[in-house]
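Undergrad: UniProt numbering puts the last residue of the sequence shown at 389; the count rises by one with no breaks.
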Amino acid sequence: MILLYLSKDIQLLQDEIRIIRRELHQIPELAFEEYKTAEYIKGYLNKLKLTYHDKIAGTGIIVLIQGTEGKKTIGFRADMDALTVEEENEVDYKSIHKGKMHACGHDGHQAILLGLAKYLVMNKEKLRDNVVLIFQPAEEGPGGALPIVSQGYLKKYSIDEIYGLHLFPEIPEGKMGVRQGPMMSQTGEFDITIHGKGGHGAMPHNTIDSVVVSAQLITGLQAIASRSINPIEPVVLTIGKVVAGEIRNVIASEARLEGTIRSFKQEVHDTVKERITDYVKGLENIHNCKITLEFRDMYPAVTNDSFLTSEFIQSQESSVIQIIDPIMLAEDFSYYQKEIPGVFFFLGSGSDHYYYPLHNSRFNYNEKILGYGVQAYLNILKQRDALEN
Ligand SMILES: CC(=O)N[C@@H](CCC[C@H](N)C(=O)O)C(=O)O
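(1) What residue range is occupied by the uninterrupted alpha helix (DSSP H) comprising Leu-283?
(2) Around the C-beta of Ser-210, are 16 or more other C-beta atoms found within 10 angstroms, so that it is buried, or is it exposed?
(3) Where DSSP assigns a beta bridge to Val-121, which residues make up the other side?
(4) Within the continuous beta strand (DSSP E) that includes Ile-327, where are the two ends?
(5) So is the beta-carbon of Glu-233 under 7 Å away from any non-hydrogen atom of ligand 1?
(6) Measuring CB to CB, does Ala-376 end up less than 8 Å from Leu-347?
(7) Using 10 angstroms around the beta-carbon of Thr-219, count the other beta-carbons present and answer buried if the total reaches 16, otherwise exposed.
(8) Identify, in the order they occur along the chain, each residue of the same chain with its Cβ nearer than 8 Å to the Cβ of Lys-42, setting aside the five sequence neighbours on each side.
(9) To the nearest angstrom, report how far apart Gln-314 and Thr-292 are at their CA atoms.
(10) Got a sec? Which residues, its chain only, sit under 7 Å from Lys-338 by beta carbon, not counting five neighbours each side?
(11) Reducing DSSP to helix, strand and coil, say where Phe-312 ends up.
(12) Taking Ser-349 as part of the beta strand (DSSP E), name the residues at either end of that continuous run.
(13) Would the C-beta of Cys-104 count as close to ligand 1, meaning under 7 Å from any of its heavy atoms?
(14) Can you give the beta carbon distance from Ile-208 to Asn-89, rounded, assuming they're within the 8 Å contact cut?
(15) Can you check DSSP and say which residues form a bridge with His-53?
(16) Report the rounded CA-to-CA distance for residue 451 versus Gly-143, giving the unit in angstroms.
(17) Could you tell me which uninterrupted beta strand (DSSP E) segments, each at least 3 residues in length, are contained entirely in the UniProt domain "Peptidase M20 dimerisation" (189-281), listed from first to last along the chain?
(18) So, at 7 Å on beta carbons, what are the nonlocal neighbours of residue 394 in its own chain, with the 5 sequence-adjacent residues on each side left out?
(19) Spatial neighbours of Lys-197 within its chain, please: C-beta separation below 7 Å, excluding the five flanking residues on both sides.
(20) By how many angstroms is the C-alpha of Leu-146 removed from the C-alpha of Leu-24?
(21) Check Gly-144 in the structure and name its three-state DSSP category.
(22) Taking 7 Å as the cut-off, does the CB of Thr-84 come closer than this to any heavy atom belonging to ligand 1?
(23) Please classify Val-320: does DSSP put it in a helix, a strand, or coil?
(24) Thinking C-beta only, is Val-343 closer than 8 Å to Thr-303?
(25) Applying the 10 Å Cβ sphere with the 16-neighbour rule, what's the burial state of Gly-350?
(26) Could you check how far apart the C-beta atoms of Ile-323 and Arg-179 are, in whole angstroms? I think they sit under 8 Å.
(27) Is the closest heavy atom of ligand 1 to the C-beta of Ala-330 under 7 Å?
(28) Is there at least one non-hydrogen atom of ligand 1 closer than 7 Å to the beta-carbon of Tyr-299?
(29) State the CB to CB distance for the pair Val-236 and Ala-225, rounded to an integer number of angstroms; the pair is presumed to be in contact (CB under 8 Å).
(30) Quick check on the DSSP output: the alpha helix (DSSP H) that includes His-25 runs from which residue to which?
(31) With hydrogens ignored, establish whether the beta-carbon of Thr-37 is closer than 7 Å to any heavy atom of ligand 1.
(32) With a threshold of 8 Å between beta carbons, is Ala-202 in contact with chain C?
(33) Ignore the nearest five residues each way along the sequence and tell me which others in Asp-191's own chain have a CB closer than 6 Å to its CB.
(34) Would you decide whether Asp-107 is buried or exposed? Buried here means 16 or more other CB atoms lie within 10 Å of its CB.
(35) Can we count Leu-140 as close to ligand 1, meaning its CB is less than 7 Å from some heavy atom?
(36) CB-CB under 8 Å to residue 398, same chain, minus the five flanking residues each way: which ones, in chain order?
Take a look at the structure:
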């Protein structure tokens, strides 16, 4: 169901935005390898005669569009990276990079930002304040936002406030989800390697079976969320990758598990890490094996500035705004918000036709929503008095 109002200019841009999205969709690249993507973006910016700063945090690009008065500077960010997913959509703009896919909508986020750039170039005389567009690498990890912030780019460009969005199939197309304060969880990664002793599958008593130890870990660690954390505190512990073994009758000497921890409170995050450590030590004793464990604290929680969120809500048609509950996805947009006030929101992409979740090999969306993304950003600029009506 499409509900949003689109200005005439954006309606005219729709086809171009769709083409950009499809061209980017075909060339997905992983974190910090977004070379072709960066070339594509630069090519488009060149056509718009916009100057930019490239190789930001590796492959990132920053564009400054100066307003007539330039009293403040408003930032917008799109993420550039894709995922290690083999695309299963049978579309003529299918990924041509085997095993890689824009399964998280970053192709659309970039198309929206380029659409915004085009609109602002076409309507330059209406832009009062400065706009900075950040094309950021590696959102899916290890994270491109932190290097951009720590290398001082927010200060270099004097960015006062920042906005970002994410396509979201759990929200219907034409709607937008947002909330004030904490909206997306903090995250941390962990890697566990079980060093057992390989041997014959028929003589397990002479081995230390890393697969059996893994199985106990995979199920046992789930009890941390259900038994060590206050049930009213949100927490997720997911092991998304398990690698072990070669053949059915050989006991695997080594197994590797990779997981993610999501929560909204540092104390919850710390308790999960402590309990994983205890559990690993216990299994080392029980099975007489060595288990190595590595944690990496990743992104802080996405926390929307109260005032700017209410400005955002007022700037959009009231019928399209949904105030959502916090969710356990993570986003390194949070690093910008640690420095300057910002708002991150979800742009609905779900419909009867497009219902596959983010990170699914069939994730896709009606590209009309990309026009809504541009319109939402323009509405923000108008609300913030940065753009004439
Ligand atoms: C929007 C989204 O899907 N974000 C990712 C961010 C992952 C960061 C990192 N790899 C981690 O797992 O901590 C997500 O999985 O939520």
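Glycine included, every Cβ here is placed at the ideal spot set by N, Cα and C.
TA: On the basis of the supplied data:
(1) Here the question's residue 283 lines up with position 283 in the sequence shown. Secondary structure note for Leu-283: its alpha helix (DSSP H) is the uninterrupted segment 266-287.
(2) Here the question's residue 210 lines up with position 210 in the sequence shown. Ser-210 should be labelled buried.
(3) Reading the sequence shown from its first residue, position 121 is the one you call residue 121. In DSSP, Val-121 forms no bridge with anything.
(4) Position 327 of the sequence shown, counted from the first residue, corresponds to residue 327. Note, Ile-327: premise wrong, no beta strand (DSSP E); not H, not E.
(5) Walking along the sequence shown from the start, residue 233 turns up at place 233. Because no heavy atom of ligand 1 lies under 7 Å away, the Cβ of Glu-233 does not count as near it: no.
(6) Translated into the one-based positions of the sequence shown, residue 376 becomes position 376. Translated into the one-based positions of the sequence shown, residue 347 becomes position 347. Cβ distance < 8 Å, so Ala-376 and Leu-347 count as in contact.
(7) Your numbering for residue 219 matches position 219 in the sequence shown. Exposed, because fewer than 16 other Cβ atoms sit within 10 Å of the Cβ of Thr-219.
(8) One-based indexing of the sequence shown puts residue 42 at position 42. Cβ neighbours of Lys-42 beyond the five flanking positions: Tyr-52, Asp-54 and Ile-61.
(9) The residue you call residue 314 lines up with position 314 of the sequence shown. The residue you call residue 292 lines up with position 292 of the sequence shown. Rounded to whole angstroms, the separation of the alpha carbons of Thr-292 and Gln-314 is 51 Å.
(10) Walking along the sequence shown from the start, residue 338 turns up at place 338. Closer than 7 Å at Cβ, skipping near neighbours: Pro-300.
(11) Taking the first residue of the sequence shown as position 1, residue 312 is located at position 312. Correct three-state label for Phe-312: helix.
(12) In the sequence shown, counting from the first residue as 1, residue 349 sits at position 349. Under the DSSP assignment, Ser-349 falls in the beta strand (DSSP E) whose first and last residues are 342-350.
(13) For the purposes of this step, residue 104 is identified with residue 104 of the sequence shown, where counting begins at 1. Yes, the beta carbon of Cys-104 sits closer than 7 Å to at least one heavy atom of ligand 1.
(14) Here residue 208 corresponds to residue number 208 of the sequence shown, with the count starting at 1. Here residue 89 corresponds to residue number 89 of the sequence shown, with the count starting at 1. Their Cβ separation, rounded to whole angstroms, is 44 Å, which puts Ile-208 and Asn-89 out of contact at 8 Å.
(15) Reading the sequence shown from its first residue, position 53 is the one you call residue 53. Looking at the DSSP output, His-53 bridges to Ile-62.
(16) Residue 451 lies beyond the range of the chain shown here (1 to 389); nothing can be said about it.
(17) You should have 235-244 and 254-263.
(18) The structure shown does not extend to residue 394, since the chain is modelled only from 1 to 389, so the question has no answer here.
(19) For the purposes of this step, residue 197 is identified with residue 197 of the sequence shown, where counting begins at 1. Sequence-distant Cβ neighbours of Lys-197 in its own chain, meaning closer than 7 Å and more than five residues away, are Thr-207, Ile-208 and Ser-253.
(20) On the sequence shown, residue 24 is found 24 positions in, with the first residue counted as 1. On the sequence shown, residue 146 is found 146 positions in, with the first residue counted as 1. When rounded, the distance between both Cα atoms is 24 Å.
(21) On the sequence shown, position 144 is the one that residue 144 refers to. Of the three classes helix, strand and coil, the one that applies to Gly-144 here is coil, per DSSP.
(22) One-based indexing of the sequence shown puts residue 84 at position 84. No, since every heavy atom of ligand 1 falls outside the 7 Å radius drawn around the Cβ of Thr-84.
(23) Taking the sequence shown and counting its residues from 1, one reaches residue 320 at position 320. Three-state result, Val-320: helix.
(24) Counted from its first residue, the sequence shown places residue 303 at position 303. Counted from its first residue, the sequence shown places residue 343 at position 343. In this structure, Thr-303 lies away from Val-343, with their beta-carbon atoms at least 8 Å apart.
(25) For the purposes of this step, residue 350 is taken as the residue at position 350 of the sequence shown. Buried.
(26) Sequence index remark: in the sequence shown, residue 323 carries index 323 (1-based). Sequence index remark: in the sequence shown, residue 179 carries index 179 (1-based). That belief holds up - the Cβ atoms of Ile-323 and Arg-179 are roughly 6 Å apart, short of 8 Å.
(27) Your numbering for residue 330 matches position 330 in the sequence shown. Ala-330: yes, Cβ under 7 Å from ligand 1.
(28) Numbered from its first residue, the sequence shown carries residue 299 at position 299. Result yes, Cβ under 7 Å from ligand 1.
(29) The residue you call residue 236 lines up with position 236 of the sequence shown. The residue you call residue 225 lines up with position 225 of the sequence shown. Yes, they are in contact, since the Cβ atoms of Val-236 and Ala-225 sit about 7 Å apart, within 8 Å.
(30) On the sequence shown, position 25 is the one that residue 25 refers to. From DSSP, the alpha helix (DSSP H) with His-25 extends over 8-25.
(31) Against the sequence shown, residue 37 aligns to sequence position 37. Result no, Cβ not under 7 Å from ligand 1.
(32) No chain C is part of this structure, which consists of one protein chain only.
(33) Locating residue 191 in the sequence shown gives position 191, where the first residue counts as 1. Within the same chain, Asp-191 has close Cβ partners Glu-258 and Glu-294.
(34) On the sequence shown, position 107 is the one that residue 107 refers to. Answer is buried; the Cβ neighbour count reaches 16.
(35) Within the sequence shown, numbered from 1, the residue matching residue 140 stands at position 140. The sequence given here places Glu at residue 140; Leu does not occur at that position. Yes.
(36) This structure gives no information on residue 398, because the portion of the chain shown stretches from 1 to 389.
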